[in-house]
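Asker:
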Amino acid sequence: MSTTLVIVESPAKAKSIGKFLGKKYTVKASMGHVRDLPKSQFGVDVEAGFMPKYITIRGKGDTIKELRSAVKKADTVLLASDPDREGEAIAWHLQKLLKIEDNQPCRIEFNEITKQAIQNAVTHPRKIDYNRVNAQQARRILDRLVGYNLSPLLWRKVRKGLSAGRVQSVAVRLICEREEEIDSFEQVEYWTLTGKFLKAKAGFEGKLLKYRGEKLEVSDEESMQKILQALEGSSYVIEKVSRRERSRRPAAPFTTSSMQQEAYRKLNFTARKTMVVAQQLYEGLDLGKEGSTGLVTYIRTDSTRVSGTAKEEAKEYIDKQFGQAYTGEQDGEIKGQKERKIQDAHEAIRPTSVFREPDQVKKFLTPEQYKLYRLIWSRFVASQMSPAIIDTTSVDIAAGEYTFRSAGSIVKFSGFMKVYTEGNDDGQKEEIKTLPELAEGEKLELTELLPKQHFTQPPPRYTDASLIKLLEENGIGRPSTYAPIVETIQKRGYVSRENKQFFPTELGFVVVEMLKEHFPEIIDVEFTADMEKKLDHIEEGDTDWIKILEEFYGPFHETMEKAEEAIGKIELQDEVTEEICELCGRNMVIKFGRFGKFLACPGFPDCRNTKPLLEPTGVTCPLCSGEVVLRRTKKGRKFYGCSRYPECDFVTWDLPTNEKCPSCNSMMVKKSSKNKQMLSCVNQECKLKIEMSEDKK
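One point on numbering: in the working numbering, the residue at position 172 of the sequence shown is 201, and numbering is uninterrupted.
1. For a test of the three-state rule: what should DSSP assign to Cys715, helix, strand or coil?
2. Would you mind stating whether Arg275 and Ile418 have Cβ atoms separated by less than 9 Å?
3. Quick check on this structure: which residue in Val175, Trp220 and Leu314 has the alpha carbon closest to the alpha carbon of Pro480?
4. Among Arg155, Pro651, Gly320 and Glu604, which one has its Cα closest to the Cα of Cys630?
5. Straight-line CA distance for Gly194 to Glu555?
6. Suppose contacts are defined by Cβ-Cβ distances below 9 Å. Is Phe627 in contact with Leu612 by that definition?
7. Considering only the beta carbon of each residue, do Asn160 and Ile567 sit closer than 9 Å?
8. With three or more C-beta pairs closer than 8 Å as the rule, is the region 244-262 touching the region 491-499?
9. Taking Cys715 as the reference, give the member of Glu130, Tyr399, Met696 and Met589 with the closest Cα.
10. Going by C-alpha to C-alpha distance, which of Asp420, Ile514 and Glu246 sits closest to Ile461?
11. Using only alpha-carbon positions, find the residue among Asp172, Gly235, Glu607 and Cys677 that is nearest to Ala427.
12. Going by C-alpha to C-alpha distance, which of Leu467, Gly655, Glu542 and Ser286 sits closest to Pro675?
13. How many Å lie between Ile129 and Ile46 at the Cα?
14. Which residue spans inside the region 595-677 form an unbroken beta strand (DSSP E) run of at least 3?
15. Does His483 come out as helix, strand or coil in the three-state DSSP assignment?
16. What are the boundary residues of the alpha helix (DSSP H) that includes Gln308?
17. Would you report the Cα separation of Arg526 and Thr534, rounded to the nearest angstrom?
18. Looking at Leu314 and Pro409, is the spacing between their C-beta atoms short of 9 Å?
19. In its own chain, which residues sit with a C-beta less than 8 Å from the C-beta of Phe581, not counting the 5 before and 5 after it?
20. Looking at the strands, I want to know which residues DSSP matches up with Met60.
21. Can you list, in chain order, the residues of its chain with a C-beta nearer than 7 Å to that of Arg277? Leave out the 5 residues immediately preceding and following it.
22. Comparing alpha-carbon positions, which option in Thr463, Thr588 and Ser39 lies nearest Asn178?
23. Quick check: the region 529-548 against the region 505-514, are at least 3 beta-carbon pairs closer than 8 Å?
24. For the beta strand (DSSP E) that contains Ile426, what are its first and last residues?
25. Mind checking whether Pro110 and Ile36 have CB atoms under 9 Å apart?
26. When we look at the beta-carbon of Ile439 and count the other beta-carbons within 10 Å, is it buried (16 or more) or exposed?
27. What residue ranges within the region 439-524 form continuous beta strand (DSSP E) runs of no fewer than 3 residues, ordered along the chain?
28. Is the region 155-169 touching the region 117-135 in the sense that three or more CB pairs, one from each, lie closer than 8 Å?
29. Using CA atoms only, rank isn't needed, just tell me which of Ser31, Gln706, Thr572 and Lys472 is closest to Ala7.
30. State the start and end residues of the unbroken alpha helix (DSSP H) segment that holds Ser271.
31. Could you spell out the range, first to last residue, of the beta strand (DSSP E) harbouring Gly235?
32. Count the other CB atoms within 10 Å of the CB of Lys498; is the residue buried (16 or more) or exposed (fewer)?
33. Am I right that Arg521 and Ser180 are in contact with their C-beta atoms under 8 Å? What's the rounded C-beta distance?
34. Would the region 315-322 and the region 298-307 be scored as touching if the rule is three or more Cβ pairs under 8 Å?
Next comes the structure, spelled out in structure tokens:
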């Protein structure tokens, strides 16, 4: 009896695939990559046509030995790594290590771990796609050329231990430039006037919009007072009522980028956490009697295409659950696919079976797995539903020479909104305001005029969601790189995440400015995006990968030599504190590490004393007379505790305040609840919650 060996990346994937194949098949895991460039040396022979020197990854010896033994026992070997460039490269490395012939059709791929997909894949093996492999090799070598040349330069000119990456440096630049925008932003005062009106005891609001038919802008309090005086005694009459019906289409099913953005907005997941949980859903989870099953399709994709089979299944489900009126006519690319080449996986991220509802599998999943699966499932189902029909009404209210405007809407037909609506970056929940029945010429009762002062706000700092969105829009990186980019720039100490926003560090600013001056192309957004297009051309077979490396390295090497001479030593001044090192008596300084700021002795390496930087909150500990300070766990997560620890063990995850609970007089902390800022009592027996007023937020 002939036997077939199937090699995948992970044990979880092996377990899920194994149950779909018979006794003739053996499924083994390579445990990810098996070969790579060496960490301790450059590993690329530039003179020999950029020949890479691949070595077996440390710790993989036993795995490779086991795979070689399994190959000897098998009649056929199938390499089933992920369906993208990186997966193709893993298959190629396995082919070389296991001595599988180059022309052997040993490569299989699938977009989902289902019985049909796996059984179809094993019957259609193909040869290794060397265009994909070369595109991945080119990316890896480009990153090595940049990293292993720039990093030593940073060690010599700035500080030991620094590193610079080809794509990550551009991301840091974007964050630094946003911070500069914020610093240079000049606030401008403006005022708004809201009128509260009554029509047959139904209240609604309208905003002052025009004066003598022209748009009105009120810049100061004096101007507002003149308007209020002019409005005294005015009658308020409905001047115009405009009604229209609009159709609102659903969002496309998830790509990697949109999934990371939406998981951040709705689930508060970082990009890394989203990908870790999504990988678990893709590789398969034990669903009781159903066994190990993949719940979602491949998770690294920039396509919104949906297979015909999945569309038909979704149509059947929607017809049954909601009725035929809710079934959409989408082609899978609802909001339009980007013009740039779509690569990696062949479909959008969707459930492997729409009939596997989230609540049906909830008991088999962790809370994080359930939340993300429900998000993916809901988004896909909604994407295949009909548009929502919304009746909108706009009302102009005349008050002398002034015009107020009020707008409202009614969902006439919910369509896809019955299942899912897309989130937004400001975190505000979408509100649909309704108006009473109104007619032109009607007089309204004014109950109140509410003038309000505002100031223009600077652009917001980037969050996980908005940074990934920006990277995608600018063509920087690809589906598999978004999460690593966000993680790497934090690890290197170039940016920090505070209150979910990215702040550049002093080190980040220094490195970006140095790169902008001496390596403008490396840190240029358009240059980096253009390089991604060249990698796409290599995958398509239109460009030779060695030629791309040669075109890049020549000018880059020349720039390196000039920079070595031009750049002097850059001194980063540490902030000195009043804290005295108890080991040597020096004033400790503030350093920045992977998890934020900490105190260190400036006598390093003679004195290696470090300690947490206790950031005061100005709040008195409720258990003693100490002060509540900001601390961090070993993994960098923030919490608040008493400065007198370990004598006092008061801790809370939420930001403490000096507000006292009106019910039990305990400390109140700030919490966010459904896009609202709340004050919450720390007393577990009380748990009183109060919505915060605008002046306390």
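C-beta atoms are modelled at their ideal positions from N, C-alpha and C, and glycine is treated no differently.
Answerer: With the given structure in hand:
1. Counting from one through the sequence shown, the residue named residue 715 turns up at place 686. Of the three classes helix, strand and coil, the one that applies to Cys715 here is coil, per DSSP.
2. As a working mapping, residue 275 is identified with position 246 in the sequence shown. As a working mapping, residue 418 is identified with position 389 in the sequence shown. Yes; because the gap between Cβ atoms is below 9 Å, this pair is in contact.
3. The sequence position of residue 480 within the sequence shown is 451, counting from 1. Of Val175, Trp220 and Leu314, the residue nearest in Cα terms is Trp220.
4. In the sequence shown, residue 630 corresponds to position 601, counting from 1. Distance from the Cα of Cys630 is smallest, within the candidate group Arg155, Pro651, Gly320 and Glu604, for Glu604.
5. On the sequence shown, residue 194 is found 165 positions in, with the first residue counted as 1. On the sequence shown, residue 555 is found 526 positions in, with the first residue counted as 1. Their backbone Cα atoms lie some 16 Å apart in a straight line.
6. Here residue 627 refers to the residue found at position 598 when the sequence shown is read from its first residue. Here residue 612 refers to the residue found at position 583 when the sequence shown is read from its first residue. For the pair Phe627 and Leu612, the CB atoms are not nearer than the 9 Å cut-off.
7. Here residue 160 corresponds to residue number 131 of the sequence shown, with the count starting at 1. Here residue 567 corresponds to residue number 538 of the sequence shown, with the count starting at 1. In this structure, the beta-carbon distance from Asn160 to Ile567 falls below 9 Å.
8. The region 491-499 is not in contact with the region 244-262.
9. To locate residue 715, count along the sequence shown from 1; it is residue 686. Comparing C-alpha distances from Cys715 to each of Glu130, Tyr399, Met696 and Met589 shows the shortest one belongs to Met696.
10. In the sequence shown, the residue the question calls residue 461 occupies position 432. Ranking Asp420, Ile514 and Glu246 by CA distance to the CA of Ile461 puts Asp420 first.
11. Within the sequence shown, numbered from 1, the residue matching residue 427 stands at position 398. Per the Cα distances, Gly235.
12. Here residue 675 refers to the residue found at position 646 when the sequence shown is read from its first residue. Selected option, being the one with the closest Cα: Gly655.
13. Locating residue 129 in the sequence shown gives position 100, counting from the first residue. Locating residue 46 in the sequence shown gives position 17, counting from the first residue. Taking the straight line from one Cα to the other gives about 22 Å.
14. Listed in chain order, the beta strand (DSSP E) elements of length 3 or more contained wholly in the region 595-677 are 604-609, 616-622, 625-629, 639-641, 644-649, 656-661 and 667-671.
15. As a first step, residue 483 must be located in the sequence shown, where it is residue number 454. Strand, per DSSP.
16. By 1-based counting over the sequence shown, the position of residue 308 is 279. Annotation: the continuous alpha helix (DSSP H) that includes Gln308 extends over Ala300 to Glu312.
17. Here residue 526 corresponds to residue number 497 of the sequence shown, with the count starting at 1. Here residue 534 corresponds to residue number 505 of the sequence shown, with the count starting at 1. If I take the Cα positions, the gap works out to 10 Å.
18. The sequence position of residue 409 within the sequence shown is 380, counting from 1. The sequence position of residue 314 within the sequence shown is 285, counting from 1. It is Phe, not Pro, that sits at residue 409 in the sequence shown. With a cutoff of 9 Å on beta-carbon distance, Phe409 and Leu314 are scored as not near each other.
19. Here residue 581 corresponds to residue number 552 of the sequence shown, with the count starting at 1. Take Phe581, set aside five residues on each side of it, and the residues of its chain with a beta-carbon closer than 8 Å to its own are Leu171, Leu174 and Met560, in chain order.
20. As a working note, residue 60 is residue 31 in the sequence shown. Residue pairing by DSSP places Met60 in no beta bridge whatsoever.
21. Locating residue 277 in the sequence shown gives position 248, where the first residue counts as 1. Cβ within range, chain order: Pro416, Ala417 and Ile419.
22. The residue given as residue 178 occupies position 149 in the sequence shown. Of the listed residues, the one whose Cα sits closest to Asn178 is Thr588.
23. Contact between the region 505-514 and the region 529-548 is absent: fewer than 3 CB-CB pairs across the two stretches fall below 8 Å.
24. As a position in the sequence shown, residue 426 is number 397, starting the count at 1. Ala417 to Ala428 is the extent of the beta strand (DSSP E) around Ile426.
25. The count along the sequence shown starts at 1 and reaches residue 110 at position 81. The count along the sequence shown starts at 1 and reaches residue 36 at position 7. Note that residue 110 is Ser in the sequence shown here, rather than Pro. Yes, these two residues count as a Cβ contact at 9 Å.
26. Position 410 of the sequence shown, counted from the start, is the residue given in the question as residue 439. Burial call: exposed.
27. Under the rule that a run must span 3 or more residues, the beta strand (DSSP E) segments found entirely inside the region 439-524 read 472-484.
28. Judged by Cβ distances under 8 Å, the region 117-135 makes contact with the region 155-169, as three or more pairs qualify.
29. The first residue shown for the chain is 30 and the last is 726, placing residue 7 beyond what the model contains.
30. Sequence index remark: in the sequence shown, residue 271 carries index 242 (1-based). In the DSSP annotation of this structure, Ser271 is not part of any alpha helix (DSSP H); the continuous beta strand (DSSP E) holding it starts and ends at Tyr265 to Arg277.
31. By one-based count along the sequence shown, residue 235 stands at place 206. Per DSSP, Gly235 is one residue of the beta strand (DSSP E) stretching across Ala231 to Tyr240.
32. By 1-based counting over the sequence shown, the position of residue 498 is 469. Buried: at least 16 other Cβ atoms inside 10 Å.
33. Indexing the sequence shown from 1 puts residue 521 at position 492. Indexing the sequence shown from 1 puts residue 180 at position 151. That belief does not hold up - the Cβ atoms of Arg521 and Ser180 are roughly 10 Å apart, past 8 Å.
34. Using a Cβ-Cβ distance cut-off of 8 Å, the region 315-322 and the region 298-307 are not in contact, since fewer than three pairs of beta carbons, one from each stretch, lie closer than that value.
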